[in-house]
Amino acid sequence: IFFRFFHLRERGIAMSDWACPTCTFLNDEAAESCRMCGESRPANPGRTLGSGPGPDASETSILLPRSGSSASSSGSGSSPLRRREARRPPQRGGADWWSWVAPHLTSRNAVPLGVALLVLLSLSTTIVEVGHVGVVDVFGSVRATPLPAGLNFVNPLAKVHPVSVQTAIITAAENVPTKEGLSVHLEAAALFHLAPDRAPEMYRTVGMDALDRIVAANFHSVIREITSAHDAKALYTAKTRLEMTTDLKGNLQKLVASWGIIVEDTPLKKLELPESLQHAIEDKLLAEQAAEKMQFILDKERQEAERKKIEAGGISTFQQIVSGDVTEGILRWKGIEATEMLADSPNPKTVIIGGGDGGVPIIISDGDPTTSTSHSRGPSHSQTPRKPEAERPPAPKT
């Protein structure tokens with residue numbers, strides 16, 4: 237019907253066109269056979285009476301030729317004309333359909349048809365960027381399944397809204413109270429992304445512009461809740477910071493899970509205490525370090541005193557054991573042996589026999605005025621004192 241319309245628009249309905257008696261197709265006056273079915277042109281072809289429904293027909297009427305003697309059976313001398321409704325083109329597939337379509341494709345109708353097909357094709361395809369999913373909206377009705385990234389075919393009347401599922405980052409910097417009521421400056425970040433299968437629901441309920449606002453509002457609330465449970469001093473330790481990071485992630489995930497938001501991490505970026513409080517904490521830490529150092533010194537001295545006490549006890553026990561077995565004669569004999577070893581020493585010295593207490597020899601070193609005594613009364617060797625340098629004769633000249 238579409239191509240037939242263009243055919244009639246192009247050629248019009250002329251009285252010179254003839255209608256095929258088999259398929260009722262309108263052919264040119266010069267055509268010797270039907271362009272639709274190939275039927276040869278009859279000797280007296282019919283003529284068109286006009287367009288639109290006739291007085292007794294719902295479609296274009298075709299004037300057919302008289303069919304011999306049967307036409308005179310109407311009882312009049314003249315040959316009345318019979319009306320016959322034009323039949324529709326055959327609804328066939330394959331080559332038969334194309335054989336009917338091909339003759340109607342002209343330069344005037346092929347170009348508009350090609351443009352219409354290109355426009356329809358462009359409206360039926362959409363490309364979703366990487367890291368996004370497409371939410372299909374057809375006159376306010378949102379499809380439950382999102383479109384994946386890439387080329388997709390959709391309803392030409394539908395609108396596709398790209399929704400990002402990439403990781404997003406929000407930061408929070410504010411003064412929050414601690415467990416003691418002190419105000420500290422805290423900066424933290426939250427890394428999150430939207431679950432792809434929840435994108436249509438998120439678009440339908442709150443809209444995509446509200447995603448960051450939802451996460452930010454809950455993130456500020458969780459930060460205040462976590463910091464108020466810790467002391468200001470504890471915020472300096474790595475253990476407390478790790479606990480805060482874990483608590484921030486867990487609590488925030490519970491609050492935003494209903495919107496299909498997945499929290500990846502919540503690192504702490506910066507933590508600052510008031511300057512006066514920071515100095516007080518530093519002084520306290522220094523005092524604690526000094527006290528620990530003094531305690532270490534005291535523990536060390538106690539251990540040293542205990543060591544000396546044990547050492548003195550050992551010496552006292554040794555003397556008690558030795559004093560019972562050593563006699564005076566043994567001590568004198570040991571003194572004589574020591575005197576002999578000193579006398580045999582190559583160092584210059586002076587030995588005075590019987591000059592010491594109890595007859596112990598006196599040994600005077602040549603270079604040391606200190607007097608050494610040996611507790612011995614036995615005989616000993618003697619050496620003549622050496623003359624001073626001034627009394628020695630000069631060396632002979634050579």
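Numbering-wise (this note's numbering), the sequence shown opens with residue 237 and increments by one. Ideal placement from N, C-alpha and C gives every residue a C-beta, glycine not left out. Source: prediction; values computed, not measured.
Check	Outcome
Inter-residue spacing [alpha-carbon to alpha-carbon] between Asn-263 and Asn-345	18 Å
Thr-482, enclosing alpha helix (DSSP H) - first and last residue	474 to 492
C-beta contact flag for Glu-423 and Lys-506 at 8 Å	yes
Top-ranked residue by Cα proximity to Asp-445, from Val-399, Thr-403, Asn-454	Val-399
C-beta contact flag for Ala-468 and Thr-414 at 8 Å	yes
Cα-Cα separation, Met-530 to His-421	36 Å
First through last residue of the beta strand (DSSP E) which encompasses Asn-411	404 to 413
Cβ neighbour criterion (16 or more within 10 Å) applied to Gln-569	Here residue 569 turns out to be Trp, not Gln, going by the sequence shown. It counts as exposed.
Per-residue DSSP class, three states only, for Val-369	strand
The beta strand (DSSP E) enclosing Ser-400, as first and last residue numbers	395 to 400
With 16 other Cβ atoms within 10 Å as the buried cut-off, status of Trp-254	buried
At least 3 beta-carbon pairs within less than 8 Å: the segment 382 to 390 vs the segment 471 to 487	no
Rounded separation between Arg-379 and Leu-357 - CA only	21 Å
Spatially closest choice to Gln-402 from Val-366, Val-374, Leu-393, Val-372, by CA coordinates	Val-366
Span separating the alpha-carbon of Lys-544 from that of Ile-557	20 Å
When Val-442, Val-390, Glu-524, His-456 are compared against Ile-406, the one with the closest alpha-carbon	His-456
Residue from Trp-495, Thr-553, Ala-470, Phe-428 whose Cα sits closest to the Cα of Gln-514	Ala-470
Inter-residue spacing [alpha-carbon to alpha-carbon] between Gln-525 and Phe-532	11 Å
Beta-carbon separation (whole angstroms), Val-396 vs Gly-376, contact threshold 8 Å	Going by Cβ atoms, the distance from Val-396 to Gly-376 rounds to 14 Å, so no, they are not a contact pair.
Residue environment, Phe-261, which counts as buried when at least 16 other CB atoms sit within 10 Å	buried
Residues sharing a beta bridge with Ala-495, DSSP	Note that residue 495 is Trp in the sequence shown here, rather than Ala. Bridge partners of Trp-495: none, in fact.
Cβ neighbours of Thr-361 in the same chain (closer than 8 Å, five flanking residues each side left out)	Leu-387, Asn-388, Phe-389, Val-390
For Leu-359, the nearest candidate out of Leu-393, Lys-536, Val-492 (CA to CA)	Leu-393
As assigned by DSSP and simplified to three states, the class of Glu-553	Note that residue 553 is Thr in the sequence shown, not Glu. The answer is helix: DSSP assigns Thr-553 an H, G or I state.
Cβ-based neighbour list, Val-374, same chain, cut-off 8 Å, excluding 5 preceding and 5 following	Asn-391, Leu-393, Ala-394, Lys-395
Delimiting residues of the beta strand (DSSP E) encompassing Ala-418	Here the sequence assigns Leu to residue 418, which means Ala is not the residue at that position. Leu-418 -> no beta strand (DSSP E), and no H or E assigned at all.
Cβ shell of Leu-491 (< 6 Å), same chain only, five flanking positions each side left out	Asn-454
Boundaries (first-last residue) of the alpha helix (DSSP H) holding Glu-576	564 to 579
Euclidean distance between Cα positions of Leu-522 and Phe-428	41 Å
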